[in-house]
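A.B. asks: I'd like to ask you about the structure that follows.
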Amino acid sequence: RLETGVDLEGRVVDSIGRPVRLAKIQAAVAGSEWPENSRLSDVSNDDGTFLIASLPSGPVRLLVQHERYAPTVISVNVVQGIENQARAVLSEGAVITGQITYDGRSTMNTSAFASAASGWRGGSAAAGGTFTIRGVPEGSILVHASVYDEVLQTKSTKILVTGGQAQTVLFDFSRPAARIAGTLYGAPDMPLRSSATIVASFVGPDGGLEQAQTSTDSSGRFELPVPPGRVVLSAAILGPRAFVALDALEG
């Protein structure tokens, strides 16, 4: 006999009991994770309420996320034949602020985001190089920054968030002193005609991983500014990724 699915009603509030609207709630049944675009999800209404329908009976974990609050996970035992209720309380979490500069000066065409091993991710447009990321959970957090000049450059740094304290992170990019030029071939003596992504990875001055990225033109050619030293190039186009390591010389 098929079991009828169980409905779970709930409410999302902040630390002083005010309703939180537009929180994303995802349900994971025993032995599963929280898949993206799952039907077992909902977004809280103006009064903080939500409804997740057709759940199987048994233990369920709810992942509750909102851009202004730290994510939280609550556990509920869903039972057939009764009214199942859940209440999620969100705390504001920490705030990461930062500045992205290029050769020591403020710059446009920047972005930043932070991520955690739990899958949490928060972003910021970084207008004018300044960014604010809210709702940061406690623990080890990776902060990523990017700037676009001739090519897309990215940097990452790891920080430890404790006690909801605010953190400030500074990123300074510089114009690379070396340059790599080449041609990407799809077969021997046959330059690749379709666009491919070329990524150069290298260790930055502070010991962190940095990257520069560009695309090939219609003849498979590319040119990529990089710092002097050991660089790992990767190329990808809707299929296998190729890697090559080489040394970039200044100038």
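Counting from 3, one number per residue, gives the positions in the sequence shown under my numbering. Yeah, the Cβ is synthetic: ideal placement off N, Cα and C, and Gly gets one too.
(1) Using the beta-carbon count (16 or more within 10 Å), is Tyr187 buried or exposed?
(2) Would you check whether the ligand SAH has a heavy atom nearer than 6 Å to the C-beta of Thr216?
(3) Might you give, ordered along the chain, the residues of its own chain that have their beta carbon closer than 7 Å to the beta carbon of Ser148, omitting 5 neighbours on each side?
(4) Do you know how far the Cα of Asp191 is from the Cα of Gln213?
(5) Give every residue of the same chain whose Cβ lies closer than 6 Å to the Cβ of Ala238, excluding the five residues on either side of it in the sequence, and list them in chain order.
(6) Considering Cα atoms alone, identify which of Asn86, Gly130, Val97 and Trp122 is closest to Tyr104.
(7) Determine the closest residue to Gly172 out of Ala72, Arg107 and Ser93, with distance taken between C-alpha atoms.
(8) Is Gly137 helix, strand or coil when you go by DSSP?
(9) So, are the CB atoms of Leu53 and Val80 less than 7 Å apart?
(10) Under the rule that 16 or more other beta-carbon atoms within 10 Å means buried, what is Arg41, buried or exposed?
(11) Would you check if the distance between the CB atom of Val66 and the CB atom of Thr74 is smaller than 7 Å?
(12) Out of Thr159, Gly137, Glu140 and Ser196, which one is the CA nearest neighbour of His146?
(13) Pick helix, strand or coil for Ala183, following the three-state DSSP scheme.
(14) Counting Cβ pairs closer than 8 Å, one from the region 81-89 and one from the region 9-19, do we hit at least three?
(15) Please name the residue, chosen from Asp174, Ser176, Ser142 and Gln167, that lies closest to Ile161 on a Cα-to-Cα basis.
(16) Using C-beta distances below 6 Å, list every residue in its chain close to Ser77, excluding the 5 sequence neighbours before and after it, in chain order.
(17) Measuring straight from C-alpha to C-alpha, what distance separates Gly206 and Val228?
(18) Note the first and the last residue of the continuous beta strand (DSSP E) segment covering Ile102.
(19) Less than 8 Å between C-beta atoms, sequence neighbours within five positions excluded: which residues of the same chain meet that for Val8?
(20) Could you check where the beta strand (DSSP E) with Ile239 kicks off and where it finishes?
(21) Per DSSP, what are the beta-bridge partners of Asp151 in this structure?
(22) How about Ile98 and Val138: are their beta carbons less than 7 Å apart?
(23) Report, in whole angstroms, the separation of the C-beta atoms of Thr185 and Pro193, which I expect to be a contact under 8 Å.
(24) I need the straight-line Cα distance from Gln28 to Thr109, nearest angstrom please.
(25) By the three-class DSSP mapping on this structure, what secondary structure does Gly19 have?
(26) Taking only three categories from DSSP, how would you classify Gly130?
(27) So is Ser120 buried or exposed if we call it buried at 16+ other beta carbons inside 10 Å?
C.D. replies: Here's the rundown:
(1) Exposed: under 16 other Cβ atoms inside 10 Å.
(2) Summarising the ligand content, the structure contains no ligands, and the ligand SAH is consequently not present.
(3) The residues Thr112, Ser113, Leu154, Gln155 and Thr156, in chain order, have a CB closer than 7 Å to that of Ser148 in the same chain once the five nearest residues on each side in sequence are set aside.
(4) Spanning the two alpha carbons is a distance of roughly 29 Å.
(5) The residues are Thr199.
(6) With distances taken between Cα atoms, Tyr104 lies closest to Gly130.
(7) Reading off the sequence shown, one finds Leu at residue 172, where the question assumed Gly. Ranking Ala72, Arg107 and Ser93 by Cα distance to Leu172 puts Arg107 first.
(8) Looking at Gly137 - three-state DSSP - the assignment turns out to be strand.
(9) No; because the gap between Cβ atoms is not below 7 Å, this pair is not in contact.
(10) Within 10 angstroms of the beta-carbon of Arg41 lie fewer than 16 other beta-carbons, which makes it exposed.
(11) Contact: yes.
(12) Out of Thr159, Gly137, Glu140 and Ser196, Thr159 has the C-alpha closest to the C-alpha of His146.
(13) It is a strand residue.
(14) Because the criterion of three Cβ pairs below 8 Å is met, the region 81-89 and the region 9-19 touch.
(15) Ranked by Cα distance from Ile161, the options Asp174, Ser176, Ser142 and Gln167 are led by Ser142.
(16) Here the set comprises Arg63.
(17) Going by the C-alpha atoms only, they are around 10 Å apart.
(18) Counting along the chain, the beta strand (DSSP E) containing Ile102 begins and ends at Ala96 to Tyr104.
(19) Once the five neighbours on either side are set aside, the close Cβ partners of Val8 are Ser56, Leu57, Pro58, Ser59, Val80, Val81, Gln82 and Asn86.
(20) From DSSP, Ile239 is part of no beta strand (DSSP E); its letter is neither H nor E.
(21) When beta bridges are read from the DSSP output, Asp151 appears opposite no residue.
(22) Yes. Within cutoff.
(23) About 5 Å; that satisfies the 8 Å criterion.
(24) Straight-line Cα distance between these residues: approximately 38 Å.
(25) Coil, per DSSP.
(26) Helix, per DSSP.
(27) So Ser120 counts as exposed.
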